[in-house]
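If you read the sequences in order, they're chains H and W.
When we follow this note's numbering, the leftmost residue of the first sequence carries the number 1, and every step to the right adds one.
When we follow this note's numbering, the leftmost residue of the second sequence carries the number 1, and every step to the right adds one.
Backbone N, C-alpha and C define an ideal beta-carbon position, used for all residues, glycine too.
Taking it in order: structure first as structure tokens, then the write-up.
2 protein chains.
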Amino acid sequence: MTELHPVEWLGDRVRWINTLKIPWEEEWVEARDYERVAVAIERMEIRGAPAIGVAAAFGVALAALYSGARDVEGLKADVRKAIERLGRTRPTAVNLFWALRRMGRVLEGNYGDTEELRRAIIKEAVRIFEEDVEVNKAIGRVGNEVIEDGDTILTHCNAGALATAGYGTALGVIRAAWESGKKIKVIATETRPVLQGARLTVWELVRDGVPVTLITDNMVGYVMSKGLVNKVFVGADRVLRTGHVINKIGTYTIAVLANRHGVPFYSAAPTSTIDLETPVEEVVIEERNPDEVRRVLGKLLITVPDVPVLNPAFDITPPELVEGIITEKGIARKPYEENIPKLLGKG
Amino acid sequence: MTELHPVEWLGDRVRWINTLKIPWEEEWVEARDYERVAVAIERMEIRGAPAIGVAAAFGVALAALYSGARDVEGLKADVRKAIERLGRTRPTAVNLFWALRRMGRVLEGNYGDTEELRRAIIKEAVRIFEEDVEVNKAIGRVGNEVIEDGDTILTHCNAGALATAGYGTALGVIRAAWESGKKIKVIATETRPVLQGARLTVWELVRDGVPVTLITDNMVGYVMSKGLVNKVFVGADRVLRTGHVINKIGTYTIAVLANRHGVPFYSAAPTSTIDLETPVEEVVIEERNPDEVRRVLGKLLITVPDVPVLNPAFDITPPELVEGIITEKGIARKPYEENIPKLLGKG
Chain H
1 MTELHPVEWL GDRVRWINTL KIPWEEEWVE ARDYERVAVA IERMEIRGAP
51 AIGVAAAFGV ALAALYSGAR DVEGLKADVR KAIERLGRTR PTAVNLFWAL
101 RRMGRVLEGN YGDTEELRRA IIKEAVRIFE EDVEVNKAIG RVGNEVIEDG
151 DTILTHCNAG ALATAGYGTA LGVIRAAWES GKKIKVIATE TRPVLQGARL
201 TVWELVRDGV PVTLITDNMV GYVMSKGLVN KVFVGADRVL RTGHVINKIG
251 TYTIAVLANR HGVPFYSAAP TSTIDLETPV EEVVIEERNP DEVRRVLGKL
301 LITVPDVPVL NPAFDITPPE LVEGIITEKG IARKPYEENI PKLLGKG
Chain W
1 MTELHPVEWL GDRVRWINTL KIPWEEEWVE ARDYERVAVA IERMEIRGAP
51 AIGVAAAFGV ALAALYSGAR DVEGLKADVR KAIERLGRTR PTAVNLFWAL
101 RRMGRVLEGN YGDTEELRRA IIKEAVRIFE EDVEVNKAIG RVGNEVIEDG
151 DTILTHCNAG ALATAGYGTA LGVIRAAWES GKKIKVIATE TRPVLQGARL
201 TVWELVRDGV PVTLITDNMV GYVMSKGLVN KVFVGADRVL RTGHVINKIG
251 TYTIAVLANR HGVPFYSAAP TSTIDLETPV EEVVIEERNP DEVRRVLGKL
301 LITVPDVPVL NPAFDITPPE LVEGIITEKG IARKPYEENI PKLLGKG
């Protein structure tokens, strides 16, 4: 099975898989127009913070490649226009702005001609892609150290190849264990309301041949009480200096159950996810569209049309429930306030 | 708002609400033919153990009313045929067999003519109905004692009027508190895979004007950690002598979260639900159709078609997590092994 890259540079065009159609269809889209990439990010054909960042960088590369500018200044202006457009696609995506800033810095250099600048821009975009895959593989190697042959690993949401440039974070650890020959199994929670577990994680693992069993989110207590889970691996949207893990809604519920049953709970995330500044009291949990809860995948209405709902995107798992933070630079363990800065070389 | 009775005797016919169509439509079905009642139970138009028992008793009453038999023995034979047919509708429904046995015992009496027997049969069916409503109202009164003005109560699945002859068990407690003037609010979990919370509990509470907020099952940890829940009330499919509560999948997950956050967890159920004989090790958890997890409500496929799934119908909440068992005879508290038999007058 070839490695899955949800967004790729094909030399003269960008290719991505439309994650909205997974698992029903495997639709690959190709574009030479950066506007089409911007629309794909807006429509969430491309989702997951690192994948969005990579797609935006490739969008900038397309703008450079197909600009009709005759001189370096004209090309820089066209590229800046693309950066500005791509930056308006998802207002809260940290990786998006980080990737676009990196692309913008390429423009600060001196270039003899447009070809030289084009090559520099494309090279930087490809480097962002490659670095993300490398970081994920490093996370996989680090995480694999704590996995034993025969483990059953519970995972939530999709912290997989489909959310990144490839390989994934929590699923990267699972892939690394599987590739190293350990006979592991996975239990995937469906992850209401948007069902990333049922749709994406199951699809990825079936594609790779890793044994996976799907459960509803409320079966976590049941599988733990039956002794069916040895470890939990989830991703992270943000990790604080204190070791608080901010991740997809439902993560905290799983962490509490894991704690009760003595099952180690790990979060796998690149060090770029670590936020040393923000105190936990200042973390704002985004409330999403209530119809995500009232309907399933925008289609099937499952309740009284206007009933009030809660729809927090994330929850916060406190450090005492977290056995370790798996990063490309190693595992941070308690006390996090001491060990997380140390891992980053800022201790 | 009139009281909701999902199954009712209208003097010469049975009327029920087709719960499969809730919340999309309010379809009331009327029948004079017991075969139609049997089919309604098989198709799960009527669901919930007490509601099924009542419906079956009314089915027997229809058989008696519309039998063409000229003498008592002929009428008894027709009624026995109906009991046999209704007994084949749901093989594991304890209340179904209990209600049909009660109806069968009516046949053991001596009757001067067919009219006398007909009247006795109809009277017994109506009594089964009335007793269920009375028991639920008594559960409501008992449970209301532990509810405080301003409480927010989290409930799971549907332990409401729609599962019984009327009023409900866990929702009976909520109704009693609301009717007594306490300003309470309810948080209802959607209850995957069959979504009884989103479909039925929300519908019932909106109908009665009780403020209700819907959440996905994996938001329980979030709402508890935010201090949004004061009490948990769920129903029970079975309560053991030891205080183990066997209830809809997801109940145990909620109980563990409640325990961590110091939120009292109650189960409300009639004493007929208490099983003094079976030890917890012998409780068998039924595995239901995997497509309930792979699809939503038999309609929308949400994952890879043949992925393995778990689909246990129930889970088991251990007594240390249960603050009390609310019954029509009072509240049983720890130690359950002592206090449950005492409550039943078997201590």
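Beta-carbon within less than 8 Å of TYR111(H)'s beta-carbon, same chain only, minus the 5 sequence neighbours each way: which residues are those? VAL72, LEU117 and ALA120
Outcome for ASP113(W) when other beta-carbon atoms lying within 10 angstroms are tallied against a minimum of 16: exposed
Just the chain W side, please: which residues come within less than 8 Å of SER225(H) by C-beta, in chain order? TYR252, ASP315 and ILE316
I'd like to know if the stretch 123–143 of chain W and the stretch 262–271 of chain W are in contact, where contact means that at least 3 CB-CB pairs between them fall below 8 Å. yes
Residues that LYS185(H) bridges to, as DSSP identifies them: THR152(H)
Beta strand (DSSP E) containing VAL381(W): first to last residue? Limits of chain W in this structure are 1 at one end and 347 at the other, which puts residue 381(W) out of reach.
Do PHE233(H) and TYR266(H) come within 8 Å of each other at the CB atom, strictly closer than that value? yes
Which whole runs of the beta strand (DSSP E) in the stretch 31–87 of chain W are 3 residues long or more, in chain order? none
Got a sec, what are the start and stop residues for the alpha helix (DSSP H) ARG199(W) sits in? Unbroken run through ARG199(W): none, as it is neither H nor E.
In the DSSP output, which residue or residues are listed as bridge partners for TRP28(W)? ILE17(W)
Under 8 Å between C-beta atoms, does LEU117(H) make it to chain W? no
Under the three-state DSSP convention, the category THR213(W) falls into: strand
Which residues in chain H sit within 9 Å of ALA198(W), going by Cβ to Cβ distance? VAL293, ARG294, ILE302, THR303, VAL304 and VAL307
Just the C-alpha distance for ASN18(H) and PRO211(W), rounded to the nearest angstrom, thanks. 40 Å
According to the Cβ coordinates, are VAL186(W) and LYS231(W) closer than 8 Å? no
Helix, strand or coil for SER267(W), going by three-state DSSP, please let me know. strand
Under a three-way DSSP split, which group does LEU310(W) fall into? coil
Just to confirm, are ASP217(W) and ARG192(H) a CB contact at a threshold of 8 Å? yes
Boundaries (first-last residue) of the beta strand (DSSP E) holding LEU240(H): 238–240
Check whether the Cβ of GLY221(H) lies closer than 8 Å to any Cβ atom in chain W. yes
What residues from chain W crowd round VAL72(H), counting only those whose CB sits closer than 8 Å? Within 8 Å Cβ-Cβ: nothing; VAL72(H) doesn't reach chain W, min ~50 Å.
Option nearest VAL245(W) by Cα separation, candidates ILE274(W), GLY172(W) and VAL14(W): ILE274(W)
What did DSSP end up calling ARG333(H) once you bin it into helix, strand or coil? coil
Taking LEU100(H) as the reference, give the member of GLU115(H), LYS81(H) and GLY109(H) with the closest Cα. LYS81(H)
Does DSSP put VAL304(H) in a helix, a strand or coil? coil
Can you name, in chain order, every residue of its own chain whose Cβ lies under 7 Å from the Cβ of LEU238(W), other than the five neighbours on each side? First, the amino acid is wrong: residue 238(W) is Arg here, not Leu. Around ARG238(W): ILE246, THR273 and ASP275.
Are there three or more Cβ pairs, one per stretch, closer than 8 Å when the stretch 17–37 of chain W is compared with the stretch 195–205 of chain W? yes
Using a cut-off of 8 Å between C-beta atoms, extract the partners of VAL202(H) located in chain W. THR303, VAL304 and VAL307
From the DSSP output, which residues share a beta bridge with ASP132(H)? Per DSSP, none; premise fails for ASP132(H).
Return yes when the Cβ of ILE46(H) is within less than 8 Å of the Cβ of ALA38(H), no when it is not. no
Could you give the distance in angstroms between the alpha-carbon of GLU145(H) and the alpha-carbon of VAL173(H)? 9 Å
What does a CB cutoff of less than 8 Å around LEU228(H) pick up in its chain, not counting 5 residues either side in sequence? THR152 and ILE187
Beta-carbon of ILE249(W) versus every beta-carbon of chain H: anything under 8 Å? yes
Take LYS342(W) as the anchor and find which of LYS299(W), ARG241(W) and LYS248(W) has the nearest alpha-carbon. ARG241(W)
Determine the contact status of VAL256(W) and LEU257(H), defining contact as a CB-CB distance below 8 Å. yes
Contact belief for GLY349(W) with ARG175(W) at Cβ below 8 Å, rounded distance in angstroms: In the structure displayed, chain W extends from 1 to 347; residue 349(W) sits before or after that span and is not available.
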